[in-house]
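A short write-up of the structure that comes next.
Number of protein chains: 2
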Amino acid sequence: MYIKKQRLLTPGPTPLYPPALHAMMASDIHHRTEDFRKAYRSCLADLKEVMGTANDLLMFASSGTGAMDAAVSNLFSKGDKVIVCVAGKFGERWAEIAKAYGLDAHVLTVPYGQVVTPGQVEAALAQEPATKGVFVQASETSTGAAHDVRAMAAAVSRTGAIFVVDAITGLGTMPLDIDGWGLDVVIGGSQKAFMIPPGLAFLSIGTKAWKFAETATLPHFYFNLKKEKKSGEAGESSWTPSTALILALAEALRYVKQIGMDKLIENARLLATATRAAVQKLGLELFSPGSPGSSVTAVRAPAGMDSGVIVKEFKSRFGAIIANGQGSMKGQIFRIAHLGYFDFADLFAMVAGLEIILNANGFPVKYGTGVAAVEEIYERAAVAPQTVSA
Amino acid sequence: MYIKKQRLLTPGPTPLYPPALHAMMASDIHHRTEDFRKAYRSCLADLKEVMGTANDLLMFASSGTGAMDAAVSNLFSKGDKVIVCVAGKFGERWAEIAKAYGLDAHVLTVPYGQVVTPGQVEAALAQEPATKGVFVQASETSTGAAHDVRAMAAAVSRTGAIFVVDAITGLGTMPLDIDGWGLDVVIGGSQKAFMIPPGLAFLSIGTKAWKFAETATLPHFYFNLKKEKKSGEAGESSWTPSTALILALAEALRYVKQIGMDKLIENARLLATATRAAVQKLGLELFSPGSPGSSVTAVRAPAGMDSGVIVKEFKSRFGAIIANGQGSMKGQIFRIAHLGYFDFADLFAMVAGLEIILNANGFPVKYGTGVAAVEEIYERAAVAPQTVSA
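Structural data, given as structure tokens:
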């Protein structure tokens, strides 16, 4: 045990795709040159392709929260009535942004681990026909739960409101038919399924949402959707772009295209399925059994054990960083990530490590039990990948 | 001429410090861990040290424009009277930001190549005692001119207004005694004298400006100075930080500390002095002869020659990217940068290349004339660095 490789196994930042990291070395590039415009154009086009949308795609030098801010500050006006779905920490962030900009928010809150239902959204829309926007997380990273954005979109699209989806951990972990379902704004970030470090955010935006930009009156400058669209069409960004990360993203997107976005999603789904099987086999409880997403699986620590112990021992015993609960869930759950550059070998090792840690902390399990559950899912998927169901 | 190394010789992004690039490879780090907090804390502390200020230092995942936005949206209210100094493209940006946020801006505009004088600022302040803020560029990158921020600060500090200085190309190219002169807000970016790719912005903020944050009413979310101060004190950033760039900056700052900020500034000043000597010896005219800064030297193209020809031939003949004029100056001037990771060998090669390009395009010069001027400055500086004056 003298060598413990550092392994980043969290739901963002996620494990990094090495050729994308290497691409950053070539960032001695000026952003107002044809060389850069070529790279930037291809990056935007590849993102649109893997996201499967004909909508405009805009990119920002910021974390994902910057793109969330951009959607609110560019498309709404003070006092606008909106509906905010809150099923965890990132839902709370939507509510905070709405408050910061003075929107009149109807907040639909459910306990951590649960999801807001399409029915709740539909009822809230019926109650307030003047609603201008509905905000949700496709996948709530803090709990691992996934919202039924398809059904929500169907409800929203029948109204005058736009549907703004934080898909920062949703992209690449769940099918999102942006154009077919009518997802007016879809937000993503670089450090999730796209396998590169944080620092880039992007969003797709469709016709219905663009109309909102025409009449919205909230002030904004750095995040300017209309300006960014015009810049992007010229192959540039409005302000100095995060060149190193854009070159990294271009490289990662080549890999994602080679795999295929549907296969990347299937990869996450298989790992999530196997993780749920393994932890349940070990006698642990899932935190979001009702609507588990494939980006991350939140697991309850055994009764009487602080989940921080599991997180700490992953670091001290195996050099691996896994995620604790966030906010009020800290100490109660730990989270196993699946989004992006994760494979079955990562999961074999993670479940074996978990078995050792549980045993060492007064929660006896039979070594190999959880790993065997993962191996079985692997075998079924390798034989007939299409037939494995959640 | 079969090998032409790519050389980025622009005033931002500037040439990259290789060990800083290599540090980005280790960005498989999670931002809510003690490992990261340690790196982030040391990065903030080192920045404060090299900037020589006891003020708070806040960092953002954004380009420099994001920090400019942050200063306005966090410290002012709609309708506030402010003075904006405009001496080029980046001064115009201050005016645009003020407009976007509904400030009542008194814009002091001078032609590109000139500077706003401290007397103009003083007169404008006297004319409107209710002025809440004064905005300026320490160094106006688009023209190479440097403002007398020390004298301006003296005028502003006698009033109730705060002095907000965009020092994105000023830091590391000119002395800026933030605390001694009373520079209330000083803005910097990663891709300038700090030798790493773009994508990080930061600002220092003092007590007088913090008081403005208490009463300011403009809405904002992503850029939140008060929240960022609290996060920074805990060794974290409010939102997901741009980890790869922060690790790169930490490495570059080690180098800057090793050289010494004063020596880094002297390095730029010597290169600027040598550049002015060389181009004048070649019969070219400086664009800002009255108040030349050391970040970049803007040079007029010879009569009848588009400066774009010089820029293009640097690329095609030598693989080097130099900067054209910006905005209305495009085609009229070219710009030779000095800020950050530039040395005399870069300048020898650049001036030799310039001689060849001028000769090839109908502006005959004697080979070696300009280079000799640079060599002479080098020799004087190497013998007695302290005695070389601009």
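Respectively, the protein sequence lines represent chains A and B. Per the working numbering, residue 357 is the first one in the first sequence, and the count goes up by one each step. Per the working numbering, residue 357 is the first one in the second sequence, and the count goes up by one each step. Beta carbons are placed, not taken as given, at the ideal position from N, Cα and C, and that holds for glycine.
Let's test the definition: count the other Cβ atoms within 10 Å of the Cβ of Tyr-468(A) and tell me whether it reaches 16, buried, or not, exposed.
The residue is buried, with at least 16 neighbouring Cβ atoms inside 10 Å.
Would you say Met-551(A) reaches chain B, if we count a Cβ-Cβ gap shorter than 8 Å as a contact?
No, because no Cβ of chain B sits closer than 8 Å to the Cβ of Met-551(A).
Could you give the uninterrupted runs of the beta strand (DSSP E) lying entirely in the region 614 to 657 of chain B, keeping only those of 3 residues or more?
Fully enclosed beta strand (DSSP E) runs of 3 or longer: 652 to 656.
With distances taken between CB atoms, is the gap from Gly-528(A) to Met-424(A) smaller than 8 Å?
In this structure, Met-424(A) does not lie closer than 8 Å to Gly-528(A) by Cβ.
Extract the residue ranges of the beta strand (DSSP E) inside the region 429 to 515 of chain B, only unbroken runs of 3 or more that lie entirely within it.
You should have 437 to 442, 460 to 465, 489 to 493.
Kindly indicate if chain B contains any beta-carbon less than 8 Å away from that of Asp-425(A).
Closer than 8 Å to some Cβ of chain B, the Cβ of Asp-425(A) qualifies, so yes.
Strictly below 9 Å CB to CB, what residues from chain A border Met-831(B)?
No information on residue 831(B) is available, as it lies outside the stretch 357 to 746 that chain B covers here.
Pick from Pro-553(A), Ala-659(A), Gln-476(A): whose alpha carbon is nearest that of Tyr-373(A)?
That would be Pro-553(A), whose Cα lies nearest to the Cα of Tyr-373(A).
Just mark Tyr-457(A) as buried or exposed, buried being the case when its beta carbon has 16 or more other beta carbons within 10 Å.
Label assigned to Tyr-457(A): buried.
Note down the Cα distance separating Pro-597(A) from Val-541(A), rounded to an integer number of angstroms.
Near 22 Å, if we compare the C-alpha coordinates of Val-541(A) and Pro-597(A).
Decide if Asn-715(A) is buried, meaning its Cβ has at least 16 other Cβ atoms within 10 Å, or exposed.
Asn-715(A) is exposed by the Cβ-count criterion.
Considering only residues of the same chain and omitting the five flanking positions on each side of Leu-377(A), which have a CB-CB separation below 7 Å?
Hits under 7 Å: Ala-604.
Let me know if Gln-362(B) comes out buried or exposed under the rule of 16 or more other beta-carbons within 10 Å of its beta-carbon.
By the neighbour-count rule (16 or more Cβ atoms within 10 Å), Gln-362(B) is not buried but exposed.
Cutting at 7 Å between CB atoms, please list the residues of its own chain near Tyr-723(A), excluding the five before and the five after it.
Excluding residues within five positions, the ones whose Cβ falls inside 7 Å are Glu-711.
With H, G and I counted as helix, E and B as strand and the rest as coil, what does DSSP make of Ile-689(A)?
Strand, per DSSP.
Assuming Ala-654(B) and Phe-643(B) make a contact with CB atoms under 8 Å, what is their CB distance in whole Å?
Confirmed, Cβ separation roughly 4 Å.
Residues in its own chain within less than 7 Å of Gly-683(A) by CB, not counting five upstream and five downstream?
Closer than 7 Å at the Cβ level, and outside the excluded window around Gly-683(A), lie Lys-445, Ser-498.
Along the chain, where does the alpha helix (DSSP H) containing Leu-400(B) start, and where does it finish?
390 to 407 is the extent of the alpha helix (DSSP H) around Leu-400(B).
Where Ser-419(A) and Phe-690(A) are concerned, what is the direct C-alpha to C-alpha distance, given to the nearest angstrom?
Cα-Cα distance, rounded: 24 Å.
If you measure between the beta carbons of Ser-593(A) and Met-415(A), is that distance less than 8 Å?
Yes, these two residues count as a Cβ contact at 8 Å.
State the Cα-Cα distance for the pair Asp-460(B) and Lys-434(B), rounded to the nearest angstrom.
If I take the Cα positions, the gap works out to 8 Å.
Would you mind reading off the limits of the alpha helix (DSSP H) that contains Ala-708(A)?
Element bounds for Ala-708(A): 700 to 716.
Just to confirm before moving on: does the CB-CB distance between Ala-650(B) and Ala-634(B) stay below 8 Å?
Reading off the sequence shown, one finds Ser at residue 650(B), where the question assumed Ala. Cβ atoms of Ser-650(B) and Ala-634(B): not closer than 8 Å.
Would you say Ile-677(A) faces chain B, with C-beta separation under 8 Å as the test?
Yes, its Cβ sits closer than 8 Å to a Cβ of chain B.
Taking only three categories from DSSP, how would you classify Leu-364(A)?
Leu-364(A) falls in the strand class under three-state DSSP.
In terms of alpha-carbon separation, which member of Met-706(B), Phe-577(B), Lys-686(B), Ser-587(B) lies closest to Ala-353(B)?
This structure does not reach residue 353(B), given that chain B is present from 357 up to 746, and the question cannot be answered.
With distance defined between alpha-carbon atoms, name the residue in Ile-534(A), Asn-680(A), Ala-701(A), Gln-636(A) nearest to Thr-725(A).
Closest option to Thr-725(A), Cα to Cα, is Gln-636(A).
Is the distance from the Cβ of Val-490(A) to the Cβ of Val-477(A) below 8 Å?
Cβ atoms of Val-490(A) and Val-477(A): closer than 8 Å.
Give the range of the alpha helix (DSSP H) segment to which Leu-581(A) is assigned.
Run containing Leu-581(A): 581 to 589, per the alpha helix (DSSP H) assignment.
For the putative contact between Ala-523(B) and Ile-543(B), defined by C-beta atoms under 8 Å, what is the C-beta separation to the nearest angstrom?
Right, their Cβ atoms sit about 6 Å apart.
Run through DSSP, which three-state label would Tyr-734(A) get?
Residue state, collapsed to three classes: helix.
Just to confirm my understanding: we take Glu-607(B), look at its own chain, exclude 5 residues before and 5 after, and list those with CB closer than 7 Å. What are they?
Only Pro-375, Ala-376, Ala-379 meet the Cβ criterion.
Checking the sheet assignment: what are the DSSP bridge partners for Ala-676(A)?
The partner list for Ala-676(A) (beta bridge, DSSP) reads Arg-363(A).
In its own chain, which residues sit with a C-beta less than 7 Å from the C-beta of Asn-717(B), not counting the 5 before and 5 after it?
Met-661, Val-665.
Determine the closest residue to Ile-453(A) out of Ala-443(A), Gln-470(A), Ala-426(A), Asp-535(A), with distance taken between C-alpha atoms.
The shortest C-alpha separation from Ile-453(A) is found at Ala-426(A).
So, does the CB of Gly-422(B) fall closer than 8 Å to a CB anywhere in chain A?
Taking Cβ atoms only, chain A reaches closer than 8 Å to Gly-422(B), which makes this a yes.
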